[in-house]
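Working notes, beginning with the structure itself.
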Amino acid sequence: MIRFSHLLLASALSLVSLATGAAVGHAPAIIAHRGGTADAPENTRIAIETALKNGADAIWITLQQSKDGAIVLYRPSDLKALTNEQGPVSAHTADQLAKVDAGWSFAKGETHPFRGKGIGIPRLDEILEAFPKVTFYLDIKSPDADPAQFGKALLATLEKADSLNRTRVYSTDAKYLQALPPQIKRFESRDETRTLLANITMAHQCELKADNQQPRWYGLELKREVEVVEKYTLGEGRSKAFLTWDKESIDCFRSQGPVHIILFGVNSPAEYQQALALGADGVMVNSPADAKNFRKAK
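Per mature numbering (1 follows the signal peptide of the UniProt record, and there is no 0), the sequence shown runs over residues -22 to -1, 1 to 276.
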């Protein structure tokens, strides 16, 4: 929920027109969301291999911590959401997780093409070793892990794989970012990014603080529904609205030092063209197989 007082929403909520003169920079990097959720079972080795074959520039994967402290690739809070087993990741060892059927729930129409193919939940260190030149964005989703212990385990994994310079960490829960050891690169928090964007697009207030030393990284949906609360003398009003990136917001984010902006949920040629016109550094897609044609779309 985003809170503002006496907002004038009007046209500030609409996507910028591609005719407004937004600078067209380099083509945004194609980032495979969880390895490409539409093309193969998410957060698996086969998904990463498939995404790279389809031209993905980087891979976004989701991390949790196993019972024996290993960092593994899995997103939901319970194994039953995507596999043939059940219970939290933290109740199983890494060896046990490697033996579950991580291709169980993936479907193409009425079929399950990856079921029973020996696709387990992989360890992060194994993935980093298997793909030594790939850039990975690491999304922490471990609901019951201690943030400090998770950070220590992640640092040890990244250092052992010599991967500190090709990884960057994201989390919707700021406590995991705050607990990371300083050697680990990270995104700015989701809450901060969303608040900054809301203040720009809804109130036309650019409140970023200057920082010309270290590049900052921001990631958020190209378009996201939020609840706006307007305060009045006799009460408050609530309404649904959409946060969207536009030229004003991009210019604000880039005005206070070097930044990288990754836009989530870019899954059509039109959305890709919007991201391109805005000068986004990367776009997160569900299907690299489809996205490889986005750059060809007119």
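Positions of the beta carbon are idealized from the N, C-alpha and C atoms, including for glycine.
| Check | Outcome |
| --- | --- |
| Beta-bridge partners of Arg42, as assigned by DSSP | Contrary to the premise, residue 42 reads as Gln rather than Arg in this sequence. Per DSSP, Val50. |
| Whole-Å CB distance - Gln42 paired with Val67, under 8 Å assumed | 4 Å |
| Pairwise C-alpha distance: Asn32 and Trp82 | 23 Å |
| Inter-residue spacing [alpha-carbon to alpha-carbon] between Ala267 and Ala85 | 16 Å |
| CA-to-CA distance, Glu88 to Asp259, given in whole angstroms | 37 Å |
| Cβ contact (3+ pairs, closer than 8 Å) linking the segment 174 to 187 and the segment 144 to 155 | no |
| Buried or exposed by the 16-neighbour rule on C-beta atoms within 10 Å, applied to Leu233 | The question names Leu, but residue 233 in the sequence shown is Ser. Ser233 should be labelled exposed. |
| Nonlocal neighbours in the same chain, by C-beta distance under 6 Å from Tyr154, ignoring five residues either side | Ile118, Pro125 |
| Contact check, Ile37 vs Phe114, beta carbons under 8 Å | yes |
| Limits of the alpha helix (DSSP H) - the one that Ala7 falls within | Where Ala7 is concerned, there is no enclosing alpha helix (DSSP H), although the beta strand (DSSP E) it sits in stretches over 7 to 11. |
| Any 3 or more C-beta pairs closer than 8 Å across the segment 185 to 200 and the segment 225 to 244 | yes |
| Residue span of the beta strand (DSSP E) that contains Leu241, given as start and end | 237 to 242 |
| Local Cβ density within 10 Å of Ala269, reported as buried at 16 or more and exposed below that | buried |
| Endpoints, the beta strand (DSSP E) within which Leu30 is located | Not the beta strand (DSSP E): Leu30 falls in the alpha helix (DSSP H), residues 23 to 31. |
| Residue interval of the alpha helix (DSSP H) (run including Ile118) | Looking at the DSSP string, Ile118 is not in any alpha helix (DSSP H); the run it does join, the beta strand (DSSP E), is 114 to 118. |
| Cut-off 7 Å between Cβ atoms - residues of its own chain near Ile178, not counting five sequence neighbours on either side | Cys184, Glu226, Ser227, Cys230 |
| Opening and closing residue of the alpha helix (DSSP H) in which Leu102 lies | 102 to 108 |
| Backbone CA spacing between Trp195 and His238 [nearest angstrom] | 5 Å |
| Length of the line joining the Cα atoms of Phe128 and Leu175 | 29 Å |
| Whole-angstrom C-beta distance between Val50 and Leu102, which should lie under 8 Å | 7 Å |
| Nearest to Gln252 (by Cα), restricted to the options Ala18, Asp17, Leu200, Pro193 | Leu200 |
| Beta-bridge pairing of Thr222 - partner residues as DSSP gives them | Lys201 |
| Contained alpha helix (DSSP H) runs [length at least 4] in the segment 156 to 194, N- to C-terminal order | 168 to 181 |
| Whole-angstrom C-beta distance between Ile8 and Ala25, which should lie under 8 Å | With a Cβ gap of about 14 Å, Ala25 and Ile8 do not count as contacting. |
| Lys86 (DSSP reduced to helix, strand or coil) | strand |
| Reduced DSSP secondary structure (H/G/I, E/B, other) of Ala69 | helix |
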